[in-house]
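Colleague: Sequential numbering from 3 applies to the sequence shown in this note's numbering.
Virtual Cβ for every residue (Gly too), placed ideally from N, Cα, C.
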Amino acid sequence: TNANVDENTKLSMEGKIDIRTTLDVRVNYLKNKPKELINEVVKKIKFNPGSDILIKTLNKKNYLTILVTAGFVPISTYVSERLGFKNVVSNEFEFANNKFTGKYVPVIATKNAKLDYLKEICTKKAINQKKVVAIGDGANDLGVLNYSGLGIGYNAYQIVKDNIKNQIFHTDLKSVLFFLGINEIEFTK
Numbered sequence: 003t004n005a006n007v008d009e010n011t012k013l014s015m016e017g018k019i020d021i022r023t024t025l026d027v028r029v030n031y032l033k034n035k036p037k038e039l040i041n042e043v044v045k046k047i048k049f050n051p052g053s054d055i056l057i058k059t060l061n062k063k064n065y066l067t068i069l070v071t072a073g074f075v076p077i078s079t080y081v082s083e084r085l086g087f088k089n090v091v092s093n094e095f096e097f098a099n100n101k102f103t104g105k106y107v108p109v110i111a112t113k114n115a116k117l118d119y120l121k122e123i124c125t126k127k128a129i130n131q132k133k134v135v136a137i138g139d140g141a142n143d144l145g146v147l148n149y150s151g152l153g154i155g156y157n158a159y160q161i162v163k164d165n166i167k168n169q170i171f172h173t174d175l176k177s178v179l180f181f182l183g184i185n186e187i188e189f190t191k
């Protein structure tokens, strides 16, 4: 049921069950449902306040902005394109006859998958980890948040609150720009 999916997601974000279990439950719930459900999901997406200004400003300042999510293509692609990320890395649903098969391509499906990707991109692009800014809210973000020069919990679950010094609770994502010393007059709207 949808309640099971929600509960599993919450437990995973809190670090109480592994992310792969949650993804399996999510994808299995969709088995044999029509692919068009994605259009309904996309219509319901609410972007975090300040996310558009954050990404536009970072892009203008030549940051390499990448959305790394345990979510799924094509939803992650929509979010990435809408906000202007330079790249997106996520899992991919498998479809047959315009229906969900109950299977997926697991790209970001383990506890350390995001961290592994970050290390790979830092090596490929010769980026010093101290120059990396990472934002996350759940257990599967802890690796990148700890590895980064600036890891920030955003409206985070308790496990991130307990383990990451920098937190944003009462303001929007534009606050990340202040962490970076970027003044409001430099924001790109």
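1. Quick one: grab the DSSP three-state call for V134.
2. Can you name the start and end residues of the beta strand (DSSP E) that K105 belongs to?
3. I need the boundaries of the beta strand (DSSP E) containing Y156, first residue and last residue.
4. Quick check on F189: does DSSP put it in helix, strand or coil?
5. Ordered along the chain, which non-local residues of its own chain (more than five positions away) have a Cβ less than 8 Å from that of L32?
6. Using the C-alpha atoms, what's the distance from N99 back to L152?
7. Going by DSSP, name the residue or residues bridged to E94.
8. Would you give the residue range spanned by the beta strand (DSSP E) that N168 belongs to?
9. For N89, collect the residues of the same chain with a Cβ closer than 8 Å to its Cβ; drop the 5 residues on either side in sequence, then sort them by chain order.
10. Going along the chain, which residues of its own chain have a beta-carbon closer than 8 Å to the beta-carbon of V109, five neighbours each way excluded?
11. With DSSP as the reference, please indicate the residues paired to N89 in a beta bridge.
Modeller: Reading from the atomic positions:
1. coil
2. 101–107
3. 152–156
4. coil
5. L39, F95, F102, G104
6. 44 Å
7. V75, V107
8. 168–170
9. L66, T67, I68, L69, S82
10. V91, S92, N93, E94, A115
11. I68
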